[in-house]
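Down below is the structure, laid out as structure tokens.
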Amino acid sequence: MHELPVVSSLVTQLQAEVERLGVAGRVTVVHLKLGALTTFVAEAMTFYFDALTKGTALESARLEVEEVPVLGRCRGCGEKLTFEVLPFVCAVCGSPELEITSGRELLIDSLEVRDETG
Ligand SMILES: [Zn+2]
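Going by our numbering, the first residue of the sequence shown is number 1, and it counts up by one from there.
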């Protein structure tokens with residue numbers, strides 16, 4: 001249930017953004033990037049998003065969550081790696097000394113807006 005405060009602040013941020021862009025009520029899709037290292041569950045986030053946007057300028061929008069894989073580089077041999085299972089170690093040299101470069105994302109990637117003229 002820890003997705004609720006995160007989605008709540010996301011919705012607040014989005015509401016300010018749609019006001020600024022002048023697209024209130026016309027957003028159809030919100031694309032969110034969610035790193036695999038975050039402990040948030042995409043289904044829970046879309047559920048809270050729908051609940052929190054009901055009756056707001058974002059009511060017509062749905063949340064699309066794109067999961068970002070965990071990427072990194074080995075500090076031992078310099079190999080670039082994609083991690084899928086814990087524990088994270090280098091697949092080449094076995095070193096646990098890794099630099100994680102992606103996978104912690106929680107950010108709004110883009111918005112799709114309905115064209116009022118069409
Ligand atoms: Zn290595």
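Using N, Cα and C, we set each Cβ at its ideal position, and we do this for glycine too.
Let me check understanding here. Comparing Cα to Cα, which of Thr39, Val23 and Arg26 lies closest to His2? Looking at the Cα atoms, Thr39 is the closest of the given residues.
Which ranges would you report for the beta strand (DSSP E) in the segment 52-91 if only whole runs of at least 3 residues count? Entirely contained in the segment 52-91, the beta strand (DSSP E) runs reaching 3 residues are, in chain order, 62-68, 70-74 and 80-83.
Alpha carbon of Thr101 to alpha carbon of Ala36, nearest angstrom: Spanning the two alpha carbons is a distance of roughly 12 Å.
Starting from Thr117, follow the alpha helix (DSSP H) in both directions and report where the run begins and ends. Boundaries cannot be given for Thr117, as no alpha helix (DSSP H) includes it and DSSP labels it neither H nor E.
Quick check on the DSSP output: the beta strand (DSSP E) that includes Val29 runs from which residue to which? Val27 to Gly35 is the extent of the beta strand (DSSP E) around Val29.
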